[in-house]
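In terms of full-length UniProt numbering, the sequence shown opens at residue 1 and continues consecutively. Glycine is no exception: its CB is placed at the ideal position from the N, C-alpha and C atoms. One structure is given here, and the rest of the page talks about it.
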Amino acid sequence: MRHLARDLSISAVVAGFVAVLVGFTSSVVIVFQAAAAFGATPAQAISWMWALGLGMAVTSIGLSLRYRQPVLTAWSTPGAALLATSGGGFTMAEATGAFIACAVLITVAGASGGFERVMNRIPQALAAALLAGVLARFAIDAFLQLGPEFGLVAPMFAAYLLGRRWWPRYAVPGVLALGALVAAGQGRLQLGGVDWAWAAPVFTMPSFTGPAFVSLALPLFIVTMASQNLPGVAAQRAAGYDTPISPVITATGVTTLLLAPFGGYAINLAAITAAICMGREAHDDPQRRYTAAVMAGVFYGVLGLLGGAVVGLIAAFPKALVLAVAGFALLGTIGGGLAVAMKDDGAREAALITFLVTASGLVLWGVGSAFWGVVAGALALAVQHWRKPAAPA
Numbered sequence: 001m002r003h004l005a006r007d008l009s010i011s012a013v014v015a016g017f018v019a020v021l022v023g024f025t026s027s028v029v030i031v032f033q034a035a036a037a038f039g040a041t042p043a044q045a046i047s048w049m050w051a052l053g054l055g056m057a058v059t060s061i062g063l064s065l066r067y068r069q070p071v072l073t074a075w076s077t078p079g080a081a082l083l084a085t086s087g088g089g090f091t092m093a094e095a096t097g098a099f100i101a102c103a104v105l106i107t108v109a110g111a112s113g114g115f116e117r118v119m120n121r122i123p124q125a126l127a128a129a130l131l132a133g134v135l136a137r138f139a140i141d142a143f144l145q146l147g148p149e150f151g152l153v154a155p156m157f158a159a160y161l162l163g164r165r166w167w168p169r170y171a172v173p174g175v176l177a178l179g180a181l182v183a184a185g186q187g188r189l190q191l192g193g194v195d196w197a198w199a200a201p202v203f204t205m206p207s208f209t210g211p212a213f214v215s216l217a218l219p220l221f222i223v224t225m226a227s228q229n230l231p232g233v234a235a236q237r238a239a240g241y242d243t244p245i246s247p248v249i250t251a252t253g254v255t256t257l258l259l260a261p262f263g264g265y266a267i268n269l270a271a272i273t274a275a276i277c278m279g280r281e282a283h284d285d286p287q288r289r290y291t292a293a294v295m296a297g298v299f300y301g302v303l304g305l306l307g308g309a310v311v312g313l314i315a316a317f318p319k320a321l322v323l324a325v326a327g328f329a330l331l332g333t334i335g336g337g338l339a340v341a342m343k344d345d346g347a348r349e350a351a352l353i354t355f356l357v358t359a360s361g362l363v364l365w366g367v368g369s370a371f372w373g374v375v376a377g378a379l380a381l382a383v384q385h386w387r388k389p390a391a392p393a
């Protein structure tokens, strides 16, 4: 742990906090909707937060310390959306059985090396374009907030520009601090309604049925791998990290397997929030940015233990503040991804197609745009080079 204390910085702590803030605020409501779809009691819904928070904490801290690289995990947001819309007609016991089945599939995909072989075949230009496309929506949303929330977001943008010019390492902490001060001055930080009671796990005995496997487990596995783990690995590669894919995916699968009876429906690699921990804003030294993911894991754990307080705590921050912090924090990563994507003349158009399809938010058959962006880019690249004569020596 001595190396952690040596490598830790204020900017890494703030980056970890921002990553968790963005992750929770952007999708926690969907998770509660997913729990409600199976008729969850209030205690069971809080148990979901406990299980997910604990799972993300253990995997983020453990994997980041193990590889000394920023390995941030998250719950499956598209998976939660899938469960929220498909959960009707299934009991919590059947859902738990489906979560366990999904966890087994994720573990097998990691342990067999199959997912890693697929990822290693994706060209770097397409992986970088995929990451930029996934993150672009957040930057666009940040600037869109200038319309309805000019008084809050404009000072934050000014703080970002000034911070990048004179204090680049502390630009994002400055944006967050100023945004909180402005929001407080406007009377919009309401912390009084937060209930700080500890969360408690609630065990659900699983029931394994064919319909639940087909309707819940398989779709949950597909969207988690295609819409979360795929861009998560792309984020790692685009940031220059060569974290072993198979053991990481296996670890998330095993963690999901252990926590599924308590509501941990799917733990996977983070992409959007991970990018916050991989940029220069987290630390100037890429070798020390793992500390940001470790701190994010700590915050995950705290929020998991305080599951009952999560909704009230998240609601205390204005939505525009969260969107602005996330968007401005990701600008550097988006720019870096586009630079790598457009560098190779032979793959430039395919990378552009990947970026645009991914950024579009396209959803087909329940699978998100990250997967279809890679498919479209790979198809464009294959057609472009089909039977193309080799360049003369």
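- A residue is called buried when at least 16 other Cβ atoms come within 10 angstroms of its Cβ; residue 205 does not meet this threshold and is exposed.
- The alpha carbon of residue 175 has as its nearest neighbour, out of 108, 158, 82, 307, the alpha carbon of 158.
- Setting aside the 5 residues that flank it on each side, residue 259 is surrounded in the same chain by 51, 55, each with a C-beta closer than 6 Å to its C-beta; the list follows chain order.
- The beta carbon of residue 107 sits closer than 7 Å to those of 250, 253, 254, 257, all from its chain and outside the five residues before and after it, given in chain order.
- In the assembly as shown, residue 41 is an exposed residue. Its beta-carbon has fewer than 16 other beta-carbons within 10 Å.
- The three-state secondary structure of residue 75, taken from DSSP, is strand.
- Here the alpha carbon of residue 303 sits roughly 28 Å from the alpha carbon of residue 244.
- In this structure, residue 248 lies away from residue 61, with their beta-carbon atoms at least 8 Å apart.
- Residue 333 is not a Cβ neighbour of residue 129, given a cutoff of 8 Å.
- Comparing C-alpha distances from residue 374 to each of 383, 351, 82, 386 shows the shortest one belongs to 351.
- When DSSP states are grouped into helix, strand and coil, residue 321 belongs to the helix group.
- Per DSSP, residue 120 lies in no beta strand (DSSP E) segment; the continuous alpha helix (DSSP H) that holds it begins and ends at 114 to 120.
- Scanning 289, 377, 316, 237 for the CA closest to the CA of residue 65 turns up 289.
- When C-alpha distances from residue 237 are compared across 17, 49, 143, 127, the shortest belongs to 127.
- Listed in chain order, the non-local C-beta contacts of residue 173 below 6 Å within the same chain comprise 14, local neighbours out to five positions each way being set aside.
- For residue 267, the pairing in a beta bridge is given by DSSP as 75.
- DSSP places residue 8 outside both helix and strand once states are collapsed to three, so it counts as coil.
- Burial of residue 268 is indicated by the presence of at least 16 other C-beta atoms within 10 angstroms of its C-beta.
- Under the three-state reduction of DSSP, residue 220 is assigned to helix.
- In the three-state scheme derived from DSSP, where H, G and I count as helix and E and B as strand, residue 364 is classed as strand.
- With a threshold of 16 other beta carbon atoms within 10 Å, residue 69 meets it and is buried.
- For residue 247, the uninterrupted alpha helix (DSSP H) segment begins and ends at 245 to 259.
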